[in-house]
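In what follows, a structure is listed as structure tokens, so that the remarks can point back to it.
Residue numbers (the numbering used here): 1452 to 1753.
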């Protein structure tokens, strides 16, 4: 009798287990079908077509077992082709990146909620958009086909939403932040190189405004660089002050002390001062930069 009960119990357990497996298989969503043709032209048609947003939503929200690497490969050509000398190639990359940007801006909350599932895919989104950071603030130099999501002369709500979605993407957010710092730094350096020769034009400098818009959006979306640095206003201002003063000051003076210069008389950067002297030293150093620039009000106001 006991043996019969044990046998029946094993049969019931096996049946329940099999049923659970069948139910799990039936309830698990099937993976989105990736296109068999992964050429840039085919992928561009897919993303810029009428079903592009739905396709991006499917591959973004699905829990890929490979962290989204296969899906990410679909976009790997965009950073490469963004700066192509062939107008057709560059325009195709720009239009495809623009379709991706619109999707990310419109679905930024979905991206934030699912970024941890597919880090490789989200990182590919950031990589695809990095070549167009300048275009987002009205500078299409070196690219084609990417129109700004917002009017560069006003608030940037869609660009902010785009960055906000990617800011929670781990490596994606770090890579985007590093690129923003680099692009904005280039604009600032261009301004710093020109401003001493024509300080009266400082307030309306196009490069300075572009840097300000990129850095402002980065600050508003809590992006963090791979070294942990953020885009706090004090740090941004100090970096710009340093770039300008470094082009003007010949060496130690009444405003900027000897300790903030290197042996070759080059001015130390804010990061170098903070690492050497801590926050108190950084505050003393930046106060000195402000005092030095105050002697040229147009540069100080910039």
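Glycine included, each C-beta is placed from N, C-alpha and C at the ideal position.
Less than 7 Å separating the beta-carbons of residue i and residue j?
i            : j            : result
residue 1529 : residue 1579 : yes
residue 1571 : residue 1519 : yes
residue 1659 : residue 1618 : no
residue 1661 : residue 1724 : no
residue 1582 : residue 1592 : no
residue 1486 : residue 1493 : yes
residue 1721 : residue 1690 : yes
residue 1663 : residue 1597 : no
residue 1532 : residue 1523 : no
residue 1482 : residue 1526 : no
residue 1559 : residue 1612 : yes
residue 1503 : residue 1550 : yes
If you drop the 5 nearest sequence neighbours on each side, which residues of the same chain put their C-beta closer than 6 Å to that of residue i?
i            : result
residue 1739 : 1706, 1707
residue 1535 : 1541
residue 1610 : 1587, 1600, 1601, 1668
residue 1709 : 1703
residue 1682 : 1666, 1669, 1670
residue 1561 : none
residue 1716 : 1702
Count the other CB atoms within 10 Å of the CB of residue i; is the residue buried (16 or more) or exposed (fewer)?
i            : result
residue 1639 : buried
residue 1624 : buried
residue 1466 : Note that residue 1466 scores a pLDDT of 45, beneath 50, so its modelled location is shaky; the value from the coordinates is reported in the next line. Answer is exposed; the Cβ neighbour count stays below 16.
residue 1750 : buried
residue 1599 : buried
residue 1694 : buried
residue 1497 : buried
residue 1463 : Since pLDDT at residue 1463 reaches only 48, below the 50 mark, its modelled position is unreliable, and the value read off the structure follows with that caveat. The residue in question, residue 1463, is exposed, as its Cβ has fewer than 16 Cβ neighbours within 10 Å.
residue 1727 : exposed
residue 1590 : buried
residue 1731 : exposed
residue 1644 : exposed
residue 1511 : buried
residue 1628 : buried
residue 1539 : exposed
residue 1456 : At residue 1456, the pLDDT of 45 sits below 50, so the modelled position is not reliable; the number obtained from the coordinates is stated separately. With fewer than 16 Cβ atoms within 10 Å of its Cβ, residue 1456 is classed as exposed.
Return the chain-ordered list of same chain residues with a C-beta closer than 8 Å to the C-beta of residue i, the five sequence neighbours on each side being excluded.
i            : result
residue 1748 : none
residue 1743 : 1696, 1699, 1700, 1704, 1706, 1707
residue 1584 : 1630, 1631, 1634, 1665
residue 1684 : 1670
residue 1626 : 1574, 1577, 1578, 1581, 1677
Can you tell which of the options has the C-alpha that lies nearest to the C-alpha of residue i?
i            : options                : result
residue 1630 : 1676, 1701, 1595       : 1676
residue 1555 : 1586, 1587, 1615       : 1615
residue 1514 : 1564, 1569, 1635, 1663 : 1569
residue 1634 : 1621, 1486, 1669       : 1669
residue 1667 : 1539, 1718, 1607       : 1607
residue 1586 : 1564, 1665, 1516       : 1665
residue 1688 : 1678, 1737, 1507       : 1737
residue 1516 : 1741, 1611, 1567, 1681 : 1567
residue 1678 : 1622, 1604, 1501, 1671 : 1622
residue 1546 : 1573, 1538, 1561, 1499 : 1499
residue 1573 : 1680, 1508, 1719       : 1508
residue 1604 : 1627, 1656, 1562       : 1656
residue 1735 : 1715, 1711, 1716, 1717 : 1711
Can you list, in chain order, the residues of its chain with a C-beta nearer than 7 Å to that of residue i? Leave out the 5 residues immediately preceding and following it.
i            : result
residue 1641 : 1658
residue 1632 : 1676
residue 1745 : 1751
residue 1476 : Bear in mind that a pLDDT of 37 at residue 1476, under 50, signals an unreliable position, so the model cannot answer this.
Can you check whether the C-beta of residue i is within less than 7 Å of a C-beta belonging to chain D?
i            : result
residue 1492 : The structure shown contains no chain D, having only a single protein chain.
When every heavy atom of the ligand ZN is checked, does at least one fall within less than 6 Å of the C-beta of residue i?
i            : result
residue 1667 : As for the ligand ZN, it is missing from this structure, which has no ligand bound.
Where in the stretch 1599-1678 do unbroken runs of the alpha helix (DSSP H), each at least 4 residues long, occur, reported from the N-terminal end onward? 1608-1618, 1622-1645, 1657-1671, all fully within the stretch 1599-1678.
Please give me, in chain order, every unbroken run of the beta strand (DSSP E) with length at least 3 that falls completely inside the stretch 1486-1516. Runs found: none.
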